[in-house]
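Heads up, the thing below is written out as structure tokens.
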Amino acid sequence: MKDVNYRTVVAGAIREEMERDERVFLMGQGVQAGGSYMTCEGLFDLFGPDRVRDTPISEDSVVGCAVGAAITGLRPIVEILYCDFALRAMDQIANQAAKYRYMSGGRMAAPMVIRTSCGYGASRAAQHSQSLESMFFHFPGLKIALPSSAYTAKGLMKSAIRDDNPVIIMESFQFYRTAGPAPEGDYTIPLGKAEVKKEGTDITLLAISAMVPQAMKAADSLAGEGIDVEVIDPLTLVPLDMETIVNSVQKTNRLLVVEGGTKRGGVGSEIIASVVEEAFDHLDCPPSRLAVPNTPIPFASNMEDLVLPNSASIANAIRRMLR
Amino acid sequence: MKDVNYRTVVAGAIREEMERDERVFLMGQGVQAGGSYMTCEGLFDLFGPDRVRDTPISEDSVVGCAVGAAITGLRPIVEILYCDFALRAMDQIANQAAKYRYMSGGRMAAPMVIRTSCGYGASRAAQHSQSLESMFFHFPGLKIALPSSAYTAKGLMKSAIRDDNPVIIMESFQFYRTAGPAPEGDYTIPLGKAEVKKEGTDITLLAISAMVPQAMKAADSLAGEGIDVEVIDPLTLVPLDMETIVNSVQKTNRLLVVEGGTKRGGVGSEIIASVVEEAFDHLDCPPSRLAVPNTPIPFASNMEDLVLPNSASIANAIRRMLR
Amino acid sequence: MEISREILIGMYSKMLLLRRFDEKVVELYRSGMKGLYHLTAGGEAVAVGVCSALSQDDYILSTHRGKGHYLAKGGDLQAILAEFMEKQTGCNRGKGGPMHIIDPSVGMLGANGIVGSSLPIACGAALSAKLRRSGQVAAAFFGDGAANSGVWHECMNLAGIWKLPVIFVCENNFYQESVPVSRHSSIQDLYARAAGYNIPGYGIDGMDVSAVYEAAVEAVQRAKRGDGATMLECKTYRFHGHSEADPTKGLRYRSGEELAAWLEKCPLKQAKARLLERGWIADAELEAIDQRCTQGIEEAVNFAKSSPDVPAEWALKDVFTDDQGEICHEGC
Amino acid sequence: MEISREILIGMYSKMLLLRRFDEKVVELYRSGMKGLYHLTAGGEAVAVGVCSALSQDDYILSTHRGKGHYLAKGGDLQAILAEFMEKQTGCNRGKGGPMHIIDPSVGMLGANGIVGSSLPIACGAALSAKLRRSGQVAAAFFGDGAANSGVWHECMNLAGIWKLPVIFVCENNFYQESVPVSRHSSIQDLYARAAGYNIPGYGIDGMDVSAVYEAAVEAVQRAKRGDGATMLECKTYRFHGHSEADPTKGLRYRSGEELAAWLEKCPLKQAKARLLERGWIADAELEAIDQRCTQGIEEAVNFAKSSPDVPAEWALKDVFTDDQGEICHEGC
Ligand SMILES: Cc1ncc(C[n+]2csc(CCOP(=O)(O)OP(=O)(O)O)c2C)c(N)n1
Ligand SMILES: Cc1ncc(C[n+]2csc(CCOP(=O)(O)OP(=O)(O)O)c2C)c(N)n1
Ligand SMILES: [Mg+2]
Ligand SMILES: [Mg+2]
């Protein structure tokens, strides 16, 4: 299986789903030209302006359009380039899309996908570097997927498009430059199944999105010191595969969660609070979080490096926890 | 000291601050007529249309106006009746107000107050019953206060207005019908100081906003069973008085957090994750959360009662934890 | 366009149903029914005039003040009252309540508790109809207050670029809760803004059901022809307070004379006068219509009252489709 | 209004400074300077025409494409270049970067990474000026893309009701990234929408600095008289790609002929031709102006380069005022 570029895979997954199901269509700023990050390349030529729709800068209403289209039988995909811009669309995302099925008492559903990013490390500063997965997952009714490889980008995209619920797919734009194996043809990855990226016995390292490669690097370097790290990528936060996480913690007796978002109210807090509820007696030391230390993301790269976790700070945290 | 109605206290606190400092002014939908919950009664007559401003339904832009006024020397207060509506204003709240000081490298500040509610239990259903304090506190740069009595409503309001940073004050509308002692004249309550509502030795019960009276009731009834609960109201979530919380847990060795918001990514997750980091070895049982079980808030009152914690479910949870 | 006797009588009957429904809601609310109720009275002509121009499978999107729209669109009295009374038989199983009536079987895609937020959903439903080439139209009701929210602008622009089969129905009742339109809007004739989106906009007497109906028929035709959206600004008035939480009928912020003047223009009064004037109806028939309305409502109340309460555990269902089984697209 | 020689030469010089600055940024970016850079070239007349009508203590609010606005308002070359180069001496201590230039000392209240989000802040600054009776005006720059975001509508309405001393300056460069205005906007003359808010709106040739200046002077006078807001839609073009991340100058989605035609209308070319035509300037003076620009920029680059890097630990400061000491209201 030869390596494929992450963004090519994203475009390919959307293409295959649009070919399979004519209810699927795409809206976003600049998607007709292939998207700002070229994750929609070629789609306009294949499907034309009805199904590949450029939009104005109207995030809230475009998401709302997706809700309206979804509850009347279509399967829209909306691209919001940076999740920072999704703050403009929170009413439609959280008050409408997330709650439609519930408020209707199960009479309607809003099968739609919001593709957005979570990213940092590119000197984009405070308004283009947020990772807001924990904001989204606070609202019941939204599924959240964070593919961290070409392979998962395709399989999760397909599952998301076929899901009958609103799904937010967050792609770290750091991945757009990467490539990896992704088979041709149809396959899906179930929403709600974590991936054990590396087995290990000393500590469970749960890594979110762009932190996955950092975690793997840290695990690698710690292996040289005789520390055997189990690395888990949850892939989806809603549903969350607590079984895999808890099983791992029961084996390793230690947990570190690493993410690129803000520490306070981040994914780590939630996972730790859940793990202590379910596996408290298995924990040999306090479960811990590595995240952005409650600052916005600064512009200067040395400052950005300081606030964001990386393989070195992950390895250090693990050394401290195993001391 | 005679009891004063909570809403009268709110209006009074704003009035005193507007008298004290002519930079303070108020914007909101219907504030000229006293506000939908009459928390601004009398202000228009005293201060007129320049300083008590009715607004259109333009939450995002009105918050943005407050940012603009704040960074140029005034001290705006914006009322957003329900925090659900603040989802319309998340860009200005989280991308602008919260980050202005940081992005400017300390050259500007946005001293402003957003008054909003967190509330439930009034058969208002999914879009008028959210408690979004944990969404707000995820964004560094915002202070968050949740006064739970007439006394704290006044003292925290004054501190918030005088603070040089954006402060979100969340008032549960359940309190609007209550009254309590609140001294005449000037006093402030510092942001960042928790209140130990009742001392106890068996368990720390940390309660948020409208859960405070429920917690007190639960503690009362448990006292009859010989269970001695320590009830803490953090009053502000940012800054959070971790010292008081950790001290309490070190004494009681148990922690339950109760809130009216969604469990996943709620205040409880954050506090528990922080407490296990700082006081793991003092915990005799897994710290636990009581919150809305990851559903939107339903309309029917029996369903709403089921998803929301109350004194009975709090007492039950504590009994389980002490078993 | 000449409106036929049959249509005018039909519209009068619907308006009366809405009025009697309001009265029943007030009664039930006063005796303890839960929830926040924003009533229709005064605005019947807008709801009925527009919905009478639509077919069953056309869509409407509504507001917090959505009960009248639902009934005008052919909504089920039993289902809505059972919903208010927290019953299993409620159209949304007790999860929605008065601000969230959703009933796809008559094309009612949703009332909304967030002002203006149904506008994008209407655009999406219209887009969907267009992409599916179903010939359906979506009508979006909204108030003068909603017209100054950002989503309104975004939606007008989207409808303009995409030539969506949508009708923007502004119910300008001169107030956004306590705030008069003169204080929340920089112009008073909101329809004038439509030109900025290449959308025809009309100012309509919203107390005259025939005028609303005629304008709506034209708008529906435009949409079905593929010529896109229309904005109808219907000047109207609400006879109640903003919600039933305000029993003063809003007299805290508006004058009794103003209210009295508008009561004179009552859309039911006007329609009845026209029917009588034309000799299209006799007193006995008027009486019979009223009895049918009252009786239908009474029966629905009884149905609702005798329905079983919604089980509390249902609160945990319906967050995701997986909680409950299959996705449902009734009425699409 | 007759524009004096002095003013025109001043504006020409400013425009040239902006152009040379762009060129320097490209050079630095190509050799590794971090960040996302949206350049001014093509839009100089709008930035300079408007800012020349403002006083130092008037406010501007800007966009992602904000470097030119800042310099036109009298911004500090050293401070901005040091900011780009992540230096202690940067106007925002390395925390802001190219999308977040903020410098209250010249009334630059902020560029903004979120399209349209500076509009409400401009309204707030104008409201503040009005309440403080300071006589200040706020000018808000925004693009054709921003004009279709909800906040634009809300802000126009607020400015209309409250008669705010604000100038809405639309830089219609016909593209929202790759999306042409014909695809994102339901009308092409955006200023026509101003009437819907009771705000005078004008279409201006944004490649003609004198035309922009004259319109801006009138708008400033209107604001200072207490007559409220003005919208100026300046038709212009960007000569670069959307940002320097696109080195193709946008030729992926727009034609070379189109670009060439607009290059002909270059605002610098036009201003220079006018100066020469009127005999207001000689070649030597033109040369001297260019040298001054280049030299100023060169000095600033050197200053920035020789400044110490921002210390990484500063990342942890300035979240709250308490982290750092006193609140600062420079320039208010
Ligand atoms: C975004 C938002 N802001 C505020 C409210 C509170 N609110 C509910 S109805 C209403 C007034 C709406 O006025 P209008 O649109 O004219 O409709 P009307 O009630 O007059 O029918 C307000 C402010 C809300 N529900 N949503
Ligand atoms: C709310 C939001 N949506 C999308 C973007 C991404 N984006 C940045 S600039 C831009 C185009 C803006 O177009 P316009 O307003 O015309 O300004 P121009 O770049 O042409 O000067 C877009 C879509 C953003 N920054 N903010
Ligand atoms: Mg109204
Ligand atoms: Mg543009």
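Chains as they are written, first to last, in the working numbering: chain A, 866 to 1188; chain B, 866 to 1188; chain C, 939 to 1270; chain D, 939 to 1270.
Don't be surprised by glycine CBs; every beta carbon is placed ideally from N, CA and C.
- Proximity of VAL932(B) to chain D, defined by a Cβ-Cβ separation below 7 Å, is satisfied.
- Residue-level contact by beta carbon holds for GLY1088(D) and chain C, with a gap shorter than 7 Å.
- Against chain A, the CB of ASN1095(C) has a partner CB under 7 Å away; the residue lies at that interface.
- Along the segment 1056 to 1121 of chain C, the beta strand (DSSP E) occurs as fully enclosed runs of 3 or more residues at 1076 to 1081, 1104 to 1110, listed in sequence order.
- Its chain contains VAL1075, PRO1103 as the residues whose beta carbon lies nearer than 6 Å to that of ALA1161(C), once the 5 sequence neighbours on both sides are disregarded; these appear in chain order.
- Taking a beta-carbon distance threshold of 7 Å, ILE1125(C) does not count as an interface residue toward chain B.
- Excluding residues up to 5 positions away in sequence, ILE941 lie with their Cβ nearer than 6 Å to the Cβ of SER1148(C) in the same chain.
- Annotated as proximal: GLU1171(C) and GLY1141(C), with beta-carbon spacing under 7 Å.
- Not one heavy atom of ligand 2 sits closer than 6 Å to the Cβ of PHE1079(D).
- Interface residue (Cβ-Cβ distance to chain A less than 7 Å): GLU1024(D) is classified as such.
- Per the Cβ contact rule, the segment 1030 to 1046 of chain B is in contact with the segment 1062 to 1081 of chain B (3 or more Cβ pairs under 8 Å).
- Beyond the five residues adjoining it in sequence on each side, SER988(B) comes within less than 8 Å, by CB distance, of PHE1164, ALA1165, SER1166, GLU1169 in the same chain, given in chain order.
- Between HIS1122(D) and the set ALA1085(D), CYS1108(D), ASN1136(D), the nearest pair of CA atoms involves ALA1085(D).
- For LEU1173(A), there is no enclosing alpha helix (DSSP H), as DSSP marks it with neither H nor E.
- For VAL1061(B), there is no enclosing alpha helix (DSSP H); the residue is found in the beta strand (DSSP E) stretching over 1060 to 1063.
- For VAL964(C), the three-state secondary structure derived from DSSP is helix.
- Distance from the Cα of SER1056(C) is smallest, within the candidate group PRO1042(C), VAL988(C), ASP1082(C), TRP1090(C), for TRP1090(C).
- Chain-order list of chain D residues neighbouring PHE890(B): LEU1069, by C-beta distance under 8 Å.
- Linking CYS1231(C) to ALA991(A) through their CA atoms gives a straight-line distance of about 59 Å.
- Contact holds between the segment 1061 to 1072 of chain C and the segment 919 to 939 of chain A, because three or more Cβ pairs, one in each stretch, are under 8 Å apart.
- Per the C-alpha coordinates, the member of GLU998(B), GLN1115(B), GLY1020(B) positioned closest to ALA951(B) is GLU998(B).
- DSSP places ASP915(A) outside any beta strand (DSSP E); the residue lies instead in the alpha helix (DSSP H), whose first and last residues are 908 to 916.
- For the segment 1094 to 1114 of chain A, the set of residues with a beta-carbon nearer than 7 Å to any beta-carbon of chain C is empty.
- If only uninterrupted alpha helix (DSSP H) runs of at least 4 residues are considered, those enclosed by the segment 1053 to 1139 of chain A are 1076 to 1088, 1107 to 1117.
- Counting along the chain, CYS930(A) sits inside the alpha helix (DSSP H) bounded by residues 924 to 936.
- Taking non-hydrogen atoms of ligand 1 into account, the C-beta of ASN1095(D) is found less than 6 Å away from none of them.
- Per DSSP, ALA1156(A) is one residue of the beta strand (DSSP E) stretching across 1153 to 1157.
- Under the Cβ criterion of 7 Å, LYS1162(C) is not counted among the residues facing chain A.
- Inclusion of SER1000(C) and ALA1077(C) in the CB contact set at 7 Å is not warranted, their separation being larger than that value.
- Here MET883(B) has VAL889, PHE890, LEU891, LEU908, LEU911, PHE912, ARG916 as same chain residues with Cβ atoms under 8 Å from its own Cβ, once five neighbours each way along the sequence are excluded.
- In chain order, ARG1121, HIS1122, SER1123, SER1124 make up the part of chain D whose C-beta sits under 8 Å from the C-beta of ILE1099(C).
- With fewer than 16 other CB atoms across the displayed protein chains lying within 10 angstroms of its CB, SER1193(C) is exposed.
- Secondary structure at ALA1144(A): helix, using DSSP grouped into helix, strand and coil.
- Of all residues in the segment 1147 to 1174 of chain A, only PRO1158, ASN1159, THR1160, PRO1161, PRO1163, PHE1164, ALA1165, SER1166, ASN1167, MET1168, GLU1169, ASP1170, LEU1171, VAL1172 come within less than 8 Å of chain D when Cβ atoms are compared, listed by chain position.
- Residue contact check for ASP1051(B) against chain D: no CB pair falls below 7 Å.
- Taking 7 Å as the threshold, the shortest C-beta distance from SER923(A) to chain C falls below it.
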